[in-house]
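Residues 101 to 430 (this note's numbering) make up the sequence shown, in order.
Where is the CB? At the ideal position from N, CA and C, for every residue including glycine.
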Amino acid sequence: MSAKAVLFDLENNMPTAKMLRDLVQHYPTLYLFNCKGQFAYTLEDLTEFAMWVNTGQVVILDTAQAKEKEFEYAVVVGQLMALLEPDTHVEVISAAKTSAILIELMRGSALTCSLTLIQDAAEISKPKYKIPSLDVIQRKPYLKMVKQYCDALANMSGKPNTIDSLKNSVMNILQLVPEKAQHVVGMLINLKIVKRYDEQINFRKKVLKQWAQLHLEQDQAELVPSTNLAQAVEQLQISAELPSAEPDLQKAQDALFKDFGKIDPVQLEVAKKLRELKNDKPKDIYALRDLLEQMFPKADVRLLLKELIEKGYIYWNGHEVLYSHEMFLN
Numbered sequence: 101m102s103a104k105a106v107l108f109d110l111e112n113n114m115p116t117a118k119m120l121r122d123l124v125q126h127y128p129t130l131y132l133f134n135c136k137g138q139f140a141y142t143l144e145d146l147t148e149f150a151m152w153v154n155t156g157q158v159v160i161l162d163t164a165q166a167k168e169k170e171f172e173y174a175v176v177v178g179q180l181m182a183l184l185e186p187d188t189h190v191e192v193i194s195a196a197k198t199s200a201i202l203i204e205l206m207r208g209s210a211l212t213c214s215l216t217l218i219q220d221a222a223e224i225s226k227p228k229y230k231i232p233s234l235d236v237i238q239r240k241p242y243l244k245m246v247k248q249y250c251d252a253l254a255n256m257s258g259k260p261n262t263i264d265s266l267k268n269s270v271m272n273i274l275q276l277v278p279e280k281a282q283h284v285v286g287m288l289i290n291l292k293i294v295k296r297y298d299e300q301i302n303f304r305k306k307v308l309k310q311w312a313q314l315h316l317e318q319d320q321a322e323l324v325p326s327t328n329l330a331q332a333v334e335q336l337q338i339s340a341e342l343p344s345a346e347p348d349l350q351k352a353q354d355a356l357f358k359d360f361g362k363i364d365p366v367q368l369e370v371a372k373k374l375r376e377l378k379n380d381k382p383k384d385i386y387a388l389r390d391l392l393e394q395m396f397p398k399a400d401v402r403l404l405l406k407e408l409i410e411k412g413y414i415y416w417n418g419h420e421v422l423y424s425h426e427m428f429l430n
């Protein structure tokens with residue numbers, strides 16, 4: 101497994117001491133930079149911050165102010181090339197609209213990285229719905245099916261208005277067998293593209309438009325901004341705890357049904373309990389973890405979550421927990 105590091109662009113994106121404290125527990129090194137040269141913390145927080153700097157857990161990168169962002173970012177990338185161990189994957193957190201340039205320079209310098217683009221701290225706006233990153237969509241067959249269906253649906257004059265008609269529509273457009281079509285229907289609901297009222301449904305126009313306008317051939321660094329910095333930090337914590345490479349969803353489900361009789365009884369009980377929750381299943385992975393700890397206080401919940409993901413019961417897209425169709429059908 102490759103090493104991981106976090107690169108924080110502090111411009112309009114200042115993490116609190118608590119956020120950094122949470123991250124230093126999961127990542128060996130946090131790299132910070134601000135092309136504007138500004139940095140501010142309370143005296144109380146600075147004491148703890150100084151300790152992280154002294155131990156090397158936090159590294160402040162030098163910056164140079166220039167008219168062109170490429171030059172500013174080049175200074176940062178040069179330092180990363182000297183400081184990072186080979187094959188280190190860098191999680192970049194930035195609110196800058198020009199952060200795609202940084203990612204391009206890093207990749208051009210053979211640095212493996214991914215970008216979480218968050219909302220500018222100075223912006224005052226309502227939380228926006230997030231869709232998975234282009235990288236995640238391209239790697240997950242069922243998410244690609246969702247994207248293909250949204251593309252087709254955007255050009256249709258009449259849309260399905262019941263669960264059955266939606267399933268038939270998915271089967272016809274994507275040429276799927278009923279079981280796979282049912283799973284796509286479940287993902288459409290879990291991804292909030294479709295809103296369900298018992299057997300009736302309607303489409304969230306804004307969300308559908310987001311999916312339809314997403315172009316898979318675009319640079320994978322162009323992500324939909326996360327709601328805020330706190331959420332991005334939370335995602336980083338979860339990413340550090342979960343396996344770095346998730347199994348293919350379809351293969352995991354095939355393995356699940358192939359070895360159904362060999363599944364741990366605790367996992368079966370978990371599936372049963374979650375199925376009983378119906379539409380009240382937790383969407384936040386921390387909430388799911390807390391719920392499982394309450395239900396099964398003697399179980400290793402982190403291992404249990406890992407096995408549920410690997411066997412296809414649940415799927416985490418980096419933003420929310422999605423459940424297989426076995427879990428949300430009554």
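{"query": "Classify A332: buried if its beta carbon has 16 or more other beta carbons within 10 angstroms, exposed otherwise.", "result": "buried"}
{"query": "For A312, which of D298, A254, L110 has the nearest alpha-carbon?", "result": "A254"}
{"query": "Quick one: using the 10 Å Cβ neighbour count with 16 as the cut-off for buried, is D162 buried or exposed?", "result": "exposed"}
{"query": "Going by beta-carbon coordinates alone, are L274 and M245 separated by less than 9 Å?", "result": "yes"}
{"query": "Inspect the beta-carbon positions of V158 and V124 and report whether they are closer than 9 Å.", "result": "yes"}
{"query": "Compute the distance between the beta-carbons of L183 and Y131, then report whether it is under 9 Å.", "result": "yes"}
{"query": "Within 10 angstroms of the Cβ of D354, are there 16 or more other Cβ atoms? Answer buried if so, exposed if not.", "result": "Low confidence applies here, because D354 scores a pLDDT of 46, under 50, leaving its location unreliable and the question unanswered by this model."}
{"query": "Could you check whether the stretch 261-273 touches the stretch 293-311, counting it as contact only if at least three pairs of C-beta atoms, one from each stretch, sit closer than 8 Å?", "result": "yes"}
{"query": "Would you check if the stretch 166-186 and the stretch 196-203 touch, i.e. whether three or more CB-CB distances between them fall below 8 Å?", "result": "yes"}
{"query": "For M151, I'd like the list of residues in its chain whose CB is within less than 7 Å of its CB, leaving aside the five on either flank, ordered along the chain.", "result": "none"}
{"query": "Where are the alpha helix (DSSP H) runs, 4 residues long or more, that stay fully inside the stretch 160-200, in chain order?", "result": "169-183"}
{"query": "CA-CA distance, A166 and N112?", "result": "18 Å"}
{"query": "Distance check for L392 and E369, CA to CA, integer angstroms please.", "result": "11 Å"}
{"query": "For P232 and K247, I'd like the C-alpha separation in whole angstroms.", "result": "11 Å"}
{"query": "Can you give me the C-alpha to C-alpha distance between P115 and S265, rounded to a whole angstrom?", "result": "47 Å"}
{"query": "Rounded to whole angstroms, what is the Cα-Cα separation between Y423 and L403?", "result": "18 Å"}
{"query": "Return the chain-ordered list of same chain residues with a C-beta closer than 6 Å to the C-beta of D109, the five sequence neighbours on each side being excluded.", "result": "S194, A196"}
{"query": "Relative to the C-alpha of V421, which residue among L374, H189, P397 is closest?", "result": "L374"}
{"query": "Hey, quick one: how far does the beta strand (DSSP E) through Q300 stretch, first residue to last?", "result": "300-303"}
{"query": "If the criterion is Cβ atoms closer than 9 Å, does the pair E148 and R121 meet it?", "result": "yes"}
{"query": "Within 10 Å of its beta-carbon, does L308 have 16 or more other beta-carbons around it, so buried, or fewer, so exposed?", "result": "buried"}
{"query": "In the DSSP output, which residue or residues are listed as bridge partners for L374?", "result": "For L374, which the question treats as bridged, DSSP gives no partner whatsoever."}
{"query": "Taking the alpha helix (DSSP H) that Y386 belongs to, which residues open and close that run?", "result": "385-395"}
{"query": "Give the straight-line distance between the Cα atoms of D400 and Y386, rounded to the nearest whole angstrom.", "result": "15 Å"}
{"query": "How about L336 and V106: do their beta carbons lie closer than 9 Å?", "result": "yes"}
{"query": "DSSP beta-bridge partners for F108?", "result": "L132, I193"}
{"query": "What first and last residue would you give for the beta strand (DSSP E) that runs through K295?", "result": "294-297"}
{"query": "Under a three-way DSSP split, which group does T147 fall into?", "result": "helix"}
{"query": "Taking only the alpha-carbon atoms, compute the straight-line gap between T142 and K240 and give it to the nearest angstrom.", "result": "43 Å"}
{"query": "Considering Cα atoms alone, identify which of H283, N134, K136, K295 is closest to K267.", "result": "H283"}
{"query": "Along the beta strand (DSSP E) that carries Y242, what are the first and last residues, could you check?", "result": "Note, Y242: premise wrong, no beta strand (DSSP E); alpha helix (DSSP H) at 241-254."}
{"query": "Going by the CB atoms, is the gap between C135 and Y173 shorter than 9 Å?", "result": "yes"}
{"query": "According to DSSP, is S209 part of a helix, a strand, or is it coil?", "result": "coil"}
{"query": "Ignore the nearest five residues each way along the sequence and tell me which others in I431's own chain have a CB closer than 8 Å to its CB.", "result": "This structure cannot settle anything about residue 431, because the visible part of the chain is limited to 101 through 430."}
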